[in-house]
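Participant: If you scroll down you'll find the structure; I have some questions about it.
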Amino acid sequence: MNNELDPRPEDLKQRVWESIQRDELPPSDDRGRMRLVMNNLVLHLHPSKVAKPTLKFTYTWGLGGLALLLVALLAITGVMLMFVYTPTPASAYQDMLNLQTDVWFGQLIRNLHHWSGNLLVIVAFLHMLRVFFTGGFRAPREFNWVLGIGLLLLVVAANFTGYLLPWDQLAYWAVTVGSSLLSYIPLIGEGLRNFLLGGPEVGAATLTNFYGLHVAIIPLTLMGIVSFHIWRVRKDTLTIPHTVDGKVDGSDDGDRIEKVTTLPHLVSRELVFALIMTGAILLWAVWVNAPLEAAANPDHSPNPAKAAWYFMGLQELLLHFHPVFGAIIIPALGLGALALLPYQRFDLSAEGVWFRSRKGRWLALVSVVTALIAVPLLVLLDEYVIDLPGMLPSLPTVISNGWLPLAALLLLLIGYYDGTRRLFKATACEARQGVFVLLVTSFVVLTVIGIAFRGEGMALMLPWEVL
Ligand code: HEM
């Protein structure tokens, strides 16, 4: 018989704690601190100490964390849905109906998955805006910004591939319209579309392809990049929030950056926020069902046939520009400019300051108002007054409805940048922010016009006539 005493502590609570921690608290010297980090999962995700001002909720609005929570909710509910879903035209729609009647909490799980996915597009976009407006992309975080753009694209791709899976009219026609954007890529567009759809039209092969992309390829890539993104945030640390007067925001004496331990200061806040948001999403999913229309019918196209809501800005652009410009060149220019943003020169005193400065705030507001007025006016002008291809019949439409209006818009943007620099004596950083706000607001306005102001035959209508 072995009479050796059990070396573990007598106190049960401490025994349980140590079984989780893997180790007793190490001494507080450098090696001890390193051992603490090595043995603690939370401190693998976070640094052991964080700057206290970064805990201020109104600095990050918890948007990055919320995006992470949504990714987790999507993974959990997505795996649950896989148990009852078969990606074939014969059973996909029926599986959606079965979820409502035959599966315990089936409708709720589908609702949670649907709304979390849509919310993630909005949250990732808002998180990008927060990072931009606080200068969070500044060195050494430039590459993390570029990774973020990749994440935004993946989130949209995950939504788009998931859109088809219920195999109802909404899904079928939104994917038909959305994937048609691809065919405008010169030379390879048609081939690329056929490859993605598994044939010339949306059909059984498309469902299999989209399912594979949606449940395996995109989530795995997304999780890989998210892990890299979070690791970079841990290594680079968050930008310190500052007031417009150059003081550290949320610090008692305005200049000192106080540090606090991650456990419990950051982790407790994260837990409370995650619980509140999970509760709110759950409530929403209990009350509001994910849409499901009649089963997909390839012979009956709805009028209007609209893309998914996050592509409506692009669909609206297509109504005004030559397709190659609306679907490819303008979005590619926009994305390219977005990726290059952090590599532009930046006014260091604006780092961590919401909207750069007092003047920056004011200029951002002016830019929002300008876009809110100019974009609807331009849409109306193009719809009812100006017909460039008709006015210039001798020119190919790629020039009259592509290069010409694009050159005019670029000139207007340069004029806007130059005007704010001269008239308002704005710094390059403030003026660039003005142009960014102008473009982002324009994109949002175009999306709203596409969603709410386009009716039969994609003609302009007032929202209550569309309904
Ligand atoms: C699935 C999507 C995403 C997830 C899960 C995610 C997650 C996070 C988290 C947890 C943080 C730290 C806390 C916070 O700032 O709220 C963060 C910071 C950051 N994110 Fe994201 N993010 C996503 C998308 C994006 C996008 C679209 C961009 C930009 C294009 C971006 C760029 C950045 C940058 C530069 C930081 C550091 C900000 C600073 O130091 O102030 N992320 N992200």
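Going by the numbering used here, the letters in the sequence shown line up with residues 11 to 477, in that order. Note that beta-carbon positions come from the ideal geometry of N, C-alpha and C, so glycine has one too.
#1: Does any heavy atom of ligand 1 sit closer than 7 Å to the C-beta of Ile240?
#2: Return yes when the C-beta of Gly146 is under 7 Å from any heavy atom of ligand 1, and no when it is not.
#3: Quick check: what's the CA-CA separation for Leu420 versus Val445?
#4: Flag this pair as yes or no: are the beta carbons of Ala360 and Gly145 separated by less than 8 Å?
#5: Please identify the residue among Leu136, Pro274, Lys257 whose C-alpha is closest to the C-alpha of Arg266.
#6: What do you get for Gln325, buried or exposed, if any count of 16 or more other CB atoms within 10 angstroms of its CB means buried?
#7: At what residue ranges does the stretch 336 to 370 contain a whole run of the alpha helix (DSSP H), taking only runs of 4 or more?
#8: Are the stretch 445 to 461 and the stretch 382 to 402 touching, with three or more C-beta to C-beta distances below 8 Å?
#9: What I want to know is whether the C-beta of Trp474 ends up closer than 7 Å to one or more non-hydrogen atoms of ligand 1.
#10: Smallest Cα separation from Gly75: which of Ala436, Gly188, Val282?
#11: Among Ile227, Arg368, Ser278, which residue has its Cα nearest to the Cα of Thr253?
#12: Quick one: does the C-beta of Trp27 sit closer than 7 Å to a heavy atom of ligand 1?
#13: Secondary structure at Thr271, three-state DSSP: helix, strand or coil?
#14: Runs of 4 residues minimum, wholly inside the stretch 34 to 76: which ones carry the alpha helix (DSSP H) assignment?
#15: Would you list the residues sitting across from Ala305 in a DSSP beta bridge?
#16: Given 7 Å as the limit, tell me if His137 has its C-beta closer than that to any heavy atom belonging to ligand 1.
#17: Between Ala418, Ala168, Pro399, which lies nearest to Ser410 when the distance is taken from Cα to Cα?
#18: Taking the alpha-carbon of Val450 as reference, which of Ala418, Gly425, Ala436, Leu375 has the nearest alpha-carbon?
#19: Measure from the alpha carbon of Ala480 to the alpha carbon of each residue in Ile286, Glu268, Ala300, then state which is nearest.
#20: Can you list the alpha helix (DSSP H) stretches of 4 or more residues lying completely in the stretch 101 to 140, in chain order?
Facilitator: So, to answer that:
#1: Position 230 of the sequence shown, counting from 1, holds the residue named residue 240. Within the cutoff, so yes.
#2: Taking the sequence shown and counting its residues from 1, the one referred to as residue 146 is at position 136. Gly146: yes, Cβ under 7 Å from ligand 1.
#3: Position 410 of the sequence shown holds residue 420. Position 435 of the sequence shown holds residue 445. Computed Cα separation, rounded: 11 Å.
#4: Looking up residue 360 in the sequence shown gives position 350. Looking up residue 145 in the sequence shown gives position 135. Cβ distance < 8 Å, so Ala360 and Gly145 count as in contact.
#5: In the sequence shown, residue 266 corresponds to position 256, counting from 1. The shortest Cα separation from Arg266 among Leu136, Pro274, Lys257 belongs to Lys257.
#6: Within the sequence shown, residue 325 is the residue found at index 315, counting from 1. So Gln325 counts as buried.
#7: 340 to 350
#8: yes
#9: As a first step, residue 474 must be located in the sequence shown, where it is residue number 464. Not under cutoff, so the answer is no.
#10: Counting from one through the sequence shown, the residue named residue 75 turns up at place 65. Comparing Cα positions, the closest option is Val282.
#11: Looking up residue 253 in the sequence shown gives position 243. For the residues Ile227, Arg368, Ser278, the minimum Cα distance to Thr253 belongs to Arg368.
#12: The sequence position of residue 27 within the sequence shown is 17, counting from 1. Outside the cutoff, so no.
#13: Reading the sequence shown from its first residue, position 261 is the one you call residue 271. Three-state DSSP puts Thr271 in a strand.
#14: 40 to 48, 52 to 55, 67 to 70
#15: Against the sequence shown, residue 305 aligns to sequence position 295. Looking at the DSSP assignment, Ala305 forms a beta bridge with Asp178.
#16: One-based indexing of the sequence shown puts residue 137 at position 127. Yes, Cβ of His137 sits closer than 7 Å to a heavy atom of ligand 1.
#17: The residue given as residue 410 occupies position 400 in the sequence shown. Cα-wise, what sits closest to Ser410 is Pro399.
#18: Your numbering for residue 450 matches position 440 in the sequence shown. The residue with the shortest Cα to Cα distance from Val450 is Leu375.
#19: The structure shown does not extend to residue 480, since the chain spans only 11 to 477, so no value can be given for it.
#20: Segments of the alpha helix (DSSP H) lying fully in the stretch 101 to 140: 102 to 111.
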